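In my numbering, the protein residues as written are 504 to 836.
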Ligand SMILES: [Fe+2]
């Protein structure tokens, strides 16, 4: 495996020191770590719940990467399409163990694992979204989904706002199955949509950490197969811009992307290579810093001055990286 680029000698020494300074270091609060000049590490996957060999390959790749770097992730971000296909038993399904608890073991990902809902989480199992909420609620797990939309603070560095992008115009409506039957697709209700946008506006108006990151399943902008989400461009994009949100993290397209749009403060990061079959990008017209259809995962390295975002393939080889500064500028690293 190619060593991770942040695996410098200085960092290696620091990591060795930190490890020998006791495991308790990793249990120190994030604010203390950050104040001590330590980076906080987050891992991210999207569109992973396929139970195909590719899901396991990416999971193993993340583990190899973390082992080589010595980084202890604070969180594992799960950006939706967490479970594809039928999940008999719901809350009692063995897929909770095989597809989450064991696939991303606590020894490597101590948690929490904040998750958002994707379209497959709503559609592949009737009431699937309620099952995912209930699994978090019953406790004893790193699976974190206190509501369909929620806020979490990463120490005093980053305010995370997790949203449910399964709007009626995106995930709802009636579709015709192959056998001709009409299927009414589940999504957020009109009331939920209104409540979520009010909540998001309120949270963005409240005091926030120096960095703000919004996480949803569907992309606002994407050069992948699904393209831009018109409703999110109309509704969400102005909120991100007005509030100076630094990053919008998502999945849905099965690829890895980094998009920058002229005049926009937010960098758009898509990490959808976690296990479902990858699909070639389709929009060749809009220039982007990076986009490729490959299985993989992402790594966020956070300190008080910048967030480094790294896209990694399933072999733990870095294929793209950039840093986002507090002033919203970005640069390749
Ligand atoms: Fe999706």
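Don't be surprised by glycine CBs; every beta carbon is placed ideally from N, CA and C.
Computed from a predicted model, the values in this text were never measured in an experiment.
Apart from the five residues on each side of it in sequence, which residues of its chain come closer than 6 Å, Cβ to Cβ, to residue i?
i: residue 672; result: 734
i: residue 835; result: 825
i: residue 689; result: 625
i: residue 557; result: 778 and 798
Note down the Cα distance separating residue i from residue j, rounded to an integer number of angstroms.
i: residue 830; j: residue 595; result: 46 Å
i: residue 581; j: residue 617; result: 6 Å
i: residue 751; j: residue 718; result: 6 Å
i: residue 762; j: residue 723; result: 10 Å
i: residue 589; j: residue 700; result: 31 Å
i: residue 536; j: residue 710; result: 22 Å
i: residue 525; j: residue 563; result: Residue confidence is low: residue 525 scores 36 on pLDDT, short of 50, so the model does not pin down where it sits. No coordinate-derived value is stated.
i: residue 737; j: residue 571; result: 42 Å
i: residue 586; j: residue 540; result: 37 Å
i: residue 827; j: residue 544; result: 15 Å
i: residue 548; j: residue 561; result: 9 Å
i: residue 792; j: residue 759; result: 11 Å
i: residue 630; j: residue 592; result: 12 Å
i: residue 787; j: residue 794; result: 10 Å
i: residue 665; j: residue 813; result: 20 Å
i: residue 818; j: residue 684; result: 42 Å
i: residue 601; j: residue 627; result: 18 Å
Starting from the Cα of residue i, find the closest Cα among the options and give me that residue.
i: residue 568; options: 835, 823 and 800; result: 800
i: residue 615; options: 791, 776 and 533; result: 533
i: residue 546; options: 636, 578, 666 and 835; result: 578
i: residue 849; options: 749, 732 and 575; result: The shown model of the chain, from 504 to 836, leaves out residue 849, and the question about it has no answer.
i: residue 841; options: 704, 754, 725 and 753; result: Here the chain comprises residues numbered 504 to 836, so residue 841 is not present and cannot be evaluated.
i: residue 675; options: 659, 665, 695 and 730; result: 695
i: residue 749; options: 768, 739 and 653; result: 768
i: residue 566; options: 606, 784 and 682; result: 606
i: residue 785; options: 764, 730, 815 and 833; result: 730
i: residue 789; options: 810, 552, 765 and 809; result: 765
i: residue 755; options: 612, 682, 739 and 772; result: 772
Considering only residues of the same chain and omitting the five flanking positions on each side of residue i, which have a CB-CB separation below 8 Å?
i: residue 656; result: 662, 663 and 712
i: residue 745; result: 707
i: residue 527; result: Confidence in residue 527 is poor, its pLDDT being 44 and thus under 50, which makes the residue's placement too unreliable to answer from.
i: residue 757; result: 550, 727, 728, 775, 776, 779, 780, 781, 782 and 796
i: residue 693; result: 671
Ignore the nearest five residues each way along the sequence and tell me which others in residue i's own chain have a CB closer than 7 Å to its CB.
i: residue 637; result: 594
i: residue 854; result: Outside the modelled stretch of the chain, which goes from 504 to 836, sits residue 854, for which no answer is possible.
i: residue 620; result: 583, 632, 635, 651, 667, 669 and 720
i: residue 542; result: 804, 805 and 806
i: residue 739; result: 723
Report all residues for which the CB-ligand distance to some heavy atom of ligand 1 is below 5 Å; order them along the chain.
584, 621, 622 and 755
Secondary structure, alpha helix (DSSP H): runs of 4+ residues fully inside the stretch 677 to 717:
693 to 708
Runs of 3 residues minimum, wholly inside the stretch 721 to 779: which ones carry the beta strand (DSSP E) assignment?
750 to 753, 759 to 762 and 770 to 774
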